[in-house]
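Asker:
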Amino acid sequence: MFHFVPRKVAQRTRPALSAPDAPVPGPSALVLTPDEAPNQGTDAKKAKGKNKATDVSTDEDIATLLTLALSDHALWSNVELCRAVSAADDGWVPLSFLVQRSTYLLHLEQRPPDSVLVRAIRGHAEDVLEVRMRVTAPSKEAWYGQRASPDEGGGYEVRLKHSADALSRAGNFSRNEWEERTVYVENVPLAHRTVPGIHRFLSSLLPVPTPSSPPASTCTSPPLPSPGHTQTQIQAITLPPHHLDRPGTPPKCKGFALVTFACAADATRLATDWPWLPRRTAVPHETEAETENRNRKATEAREREAAAEEDAVKFGFRALPKARWDALKEEYLAYRQTLLDAIADADADVQYGRQAETAAPSGEGPADPVYAPTRTRTTRDPGPGPEFVAPPQPPLAPSAPYPPGCLVFVRGVHPETNKTTLKALLGAHASRVAAADALDYVDYAKGMVSCHVRVSTPSHARALVTAFTDRPLVQMHGLDGTGSLPPSANSTSNTDVDATPKRITAELVDGEREALYWHKVPEKVRREAVRKAIALAQSQSAGGGGDEDVEMTQEEHGAPLEGEGEATKSQSKRPRKRRRKA
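Residue numbers for the sequence shown follow full-length UniProt numbering, so the first one is 1 and each next one is one higher.
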């Protein structure tokens with residue numbers, strides 16, 4: 001007998017031999033040299049650089065908003081701010097007061113701390129604004145834990161470098177002068193649809209004023225402090241309110257704004273370079289002085305200006321003087337009021353027509369001069385006097401898109417019914433007033449309480465509407481294919497009114513509603529409906545039929561007249577004679 005031998009005998013693996021020349025790295029070898037370190041910390045440096053770029057752009061935007069908050073136009077328009085600057089010691093205003101009272105700083109999502117505001121002023125608005133820290137001794141309330149007034153503590157103060165000149169300019173300007181310097185801009189590129197973005201975008205489009213430019217002839221304000229200074233070139237940016245803006249919130253830029261410049265020449269230049277009509281499709285040409293000035297700028301500034309001009313052409317940026325914009329606005333409001341008045345008059349005419357149809361006798365049908373001939377004497381009201389019939393409708397052309405007047409809208413059907421039951425119900429009701437093949441199609445969707453019914457000819461449609469008006473019906477349940485008379489008011493007084501079925505009503509569909517409905521019907525079905533309507537119209541005209549035949553057919557079939565019910569039908573039956581037994 002053989003002993004059990006396993007398939008694999010586990011053997012102890014030998015450890016790998018290390019190379020004798022490979023030294024073990026010591027602690028000093030784990031330290032990277034300066035040349036090797038940058039590859040490892042690239043991601044961290046990228047993240048820091050990205051955050052730094054975001055901080056720089058944010059500081060620039062904050063500096064722009066603070067500059068606009070203390071511009072000449074702001075001092076002129078905001079009386080409270082002008083009074084505070086005039087009454088302040090050497091023009092120093094608390095920074096907290098400016099943040100709380102300025103409408104420009106409301107565009108910031110969150111109020112930044114004072115240190116961020118101070119950093120933005122010192123980094124991007126040193127030519128216009130000055131900032132200092134106010135230090136005061138602590139009060140007793142601070143020592144004993146009581147609440148102190150915010151004015152008693154320290155903080156930061158800000159002022160204009162030339163506050164006296166700014167106050168004098170603001171007092172000398174009039175509304176008309178500011179209106180001349182205001183331009184309406186539209187189609188601002190998407191990347192610049194904020195107040196600081198519009199300021200930065202327009203500053204790139206406009207040429208930077210140089211000391212050689214004559215400011216006295218075109219601008220009442222003094223020349224700018226330095227050639228590179230563009231903060232006071234734009235005095236105000238106003239975002240007109242939009243109908244989608246929420247009340248009480250600062251308006252958001254929808255691509256248009258009103259921009260006020262310090263000089264009228266800048267407003268004229270912007271409206272000329274980027275006219276309203278026709279829209280510019282290429283970058284405007286520069287003069288020799290502008291080209292020389294552009295060449296003196298840094299490469300980054302030239303690239304920024306070129307990118308702004310390309311975006312302006314791409315998005316269709318255009319400008320318009322505010323005087324012209326006001327004239328167009330008045331013209332638009334007048335035209336809008338004219339349209340509203342026309343719509344109101346049309347609605348009044350439609351309402352008057354509906355009231356006239358409601359007040360008309362129920363047997364005459366709708367007062368339509370095309371499809372409903374008007375008579376002074378009908379078959380139901382025989383009497384002396386001539387009968388006046390409206391001119392017949394024009395013959396239907398084979399190329400017509402659909403047969404007009406052959407669509408009926410029915411309301412009040414049971415929500416649990418189906419097409420078969422509805423066709424039986426409407427067919428039984430229509431058989432009393434028209435031919436058996438008058439009903440073409442019942443357009444009904446499951447769960448609805450209304451449907452569209454296509455009939456063969458306009459006379460059949462009017463007869464169906466008249467039949468439902470003269471003899472109202474209700475569909476008691478979903479499979480009710482005959483209909484019942486609506487219950488009287490006395491019978492429903494003790495029952496649930498909501499559970500009572502609604503009366504079935506029919507309405508002739510015409511005009512735009514009819515065209516929209518037939519537009520959704522397949523073309524093959526529409527052609528067949530037109531062909532059938534033409535054939536039946538020709539047969540009726542050859543046989544002398546028409547609306548009178550439909551009404552006579554209604555009387556021959558014994559349809560109850562207006563005001564007649566079951567009692568009238570029982571009285572019309574002849575009494576049966578009883579046979580006597582022999």
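We put the CB at the ideal spot given by N, CA and C, even for glycine.
A quick note: this is a predicted structure, and the numbers were derived from the prediction, not measured.
DSSP has Glu180 in a bridge; who is on the other side?
Answerer: In the DSSP output, where bridge partners are listed per residue, Glu180 has none listed.
Asker: Between Val455 and the rest of its own chain, which residues show a CB-CB distance below 7 Å, the 5 nearest in sequence each way excluded?
Answerer: Contacts found: Cys406, Val408, Ala438, Leu439, Asp440, Ala461, Leu464.
Asker: State the beta-bridge partners of Arg101 as determined by DSSP.
Answerer: Its beta-bridge partners do not exist; DSSP assigns none.
Asker: Can you check whether the CB of His107 is closer than 8 Å to the CB of Val195?
Answerer: It is a contact, given that the beta carbons lie within the stated cut-off.
Asker: Hey, would you say Thr238 sits closer than 8 Å to Ala257, going by beta carbons?
Answerer: Yes, these two residues count as a Cβ contact at 8 Å.
Asker: If Val158 and Glu130 are in contact, beta carbons under 8 Å, what's the gap, nearest whole angstrom?
Answerer: That pair is a contact at about 7 Å.
Asker: If we require 3 or more residues per run, which beta strand (DSSP E) segments fall completely within the stretch 441-473?
Answerer: Counting only runs of 3 or more, we get 450-455.
Asker: When you compare only the Cα positions, how much space is there between Gln110 and Gln235?
Answerer: Taking the straight line from one Cα to the other gives about 24 Å.
Asker: Pro384 by DSSP, collapsed to three states: which one?
Answerer: Confidence at Pro384 is low in this model, with a pLDDT of 43, below 50, so the placement of that residue should be treated as unreliable; the coordinate-derived value is given next. Residue state, collapsed to three classes: coil.
Asker: Using 10 angstroms around the beta-carbon of Tyr104, count the other beta-carbons present and answer buried if the total reaches 16, otherwise exposed.
Answerer: It counts as buried.
Asker: Which partner residues does Val410 have in the DSSP bridge list?
Answerer: According to DSSP, which records beta bridges pairwise, Val410 is partnered with Cys451, Ala506.
Asker: Buried or exposed: which applies to Ser484, given that a residue is buried once 16 or more other Cβ atoms fall within 10 Å of its Cβ?
Answerer: Per the 10 Å Cβ criterion, exposed.
Asker: Assuming Tyr517 contacts His452 under a Cβ cut-off of 8 Å, what Cβ separation, rounded to an integer in Å, is found between them?
Answerer: That pair is a contact at about 6 Å.
Asker: Between which residues of its own chain and Ala271 is the CB-CB distance below 6 Å, once the five residues before and five after are set aside?
Answerer: For Ala271, where only same-chain residues beyond five positions count, the Cβ hits under 6 Å are Val183, Ala319, Pro321.
Asker: In the DSSP assignment, the beta strand (DSSP E) including Gly248 goes from what residue to what residue?
Answerer: Note, Gly248: premise wrong, no beta strand (DSSP E); not H, not E.
Asker: Compare the beta carbon distance of Ala69 and Leu98 with 8 Å and say whether it is the shorter of the two.
Answerer: For Ala69 and Leu98, yes; Cβs fall inside 8 Å.
Asker: Please say whether His414 and His477 have beta carbons closer to each other than 8 Å?
Answerer: Yes, the pair counts as a contact, with Cβ atoms nearer than the cut-off.
Asker: Quick one: what does DSSP say Arg175 is sitting in, helix, strand or coil?
Answerer: Helix at Arg175.
Asker: Quick check: what's the CA-CA separation for Arg132 versus Tyr156?
Answerer: About 6 Å.
Asker: May I have the straight-line CA-CA distance separating Pro113 from Asp59, to the nearest angstrom?
Answerer: One C-alpha to the other measures close to 12 Å.
Asker: Thinking just about the alpha-carbon of each residue, which of Leu422, Pro472, Asn418 is nearest to the one in Lys446?
Answerer: When only C-alpha atoms are compared, the closest one is Asn418.
Asker: On the premise that Arg200 lies in contact with Asp72, defined as a C-beta separation below 8 Å, what is that separation, rounded to the nearest angstrom?
Answerer: Wrong, their Cβ atoms sit about 20 Å apart, outside the cutoff.
Asker: What's the C-alpha gap between Ala400 and Asp510?
Answerer: Computed Cα separation, rounded: 15 Å.
Asker: Any idea if Glu305 is buried or exposed, counting beta-carbon neighbours within 10 angstroms, 16 or more meaning buried?
Answerer: That one is buried.
Asker: Can you tell which of Ala506, Pro94, Pro240 has its C-alpha closest to the C-alpha of Ala467?
Answerer: Of Ala506, Pro94, Pro240, the residue nearest in Cα terms is Ala506.
Asker: CA-CA distance, Asn78 and Glu303?
Answerer: Rounded to whole angstroms, Asn78 to Glu303 spans 37 Å at the Cα level.
Asker: Going by DSSP, which residues form a beta bridge with Tyr156?
Answerer: Tyr156 pairs with Met133.
Asker: Would DSSP call Glu186 helix, strand or coil?
Answerer: The answer is strand: DSSP assigns Glu186 an E or B state.
Asker: Rounded to whole angstroms, what is the Cα-Cα separation between Asp470 and Asp347?
Answerer: Approximately 28 Å between the Cα atoms of the pair.
Asker: Would you mind giving the Cβ-Cβ distance between Ala533 and Pro398, rounded to the nearest angstrom? I have them listed as a contact below 8 Å.
Answerer: The pair is not a contact, with the Cβ atoms about 10 Å apart (cut-off 8 Å).
Asker: Between Thr249 and Ala191, what straight-line distance do the alpha-carbon atoms span, to the nearest angstrom?
Answerer: Approximately 22 Å between the Cα atoms of the pair.
Asker: With distance defined between alpha-carbon atoms, name the residue in Leu95, Trp274, Thr136 nearest to Arg119.
Answerer: Of the candidates Leu95, Trp274, Thr136, the one whose C-alpha sits nearest the C-alpha of Arg119 is Leu95.
Asker: Which of the three DSSP states is assigned to Thr281 in this structure?
Answerer: Thr281 falls in the coil class under three-state DSSP.
Asker: Is the separation between the beta-carbon of Gly255 and that of Arg279 shorter than 8 Å?
Answerer: Against a cut-off of 8 Å, the Cβ pair of Arg279 and Gly255 comes out as no contact.
Asker: Locate the alpha helix (DSSP H) running through Pro275, then write down its first and last residues.
Answerer: Note, Pro275: premise wrong, no alpha helix (DSSP H); not H, not E.
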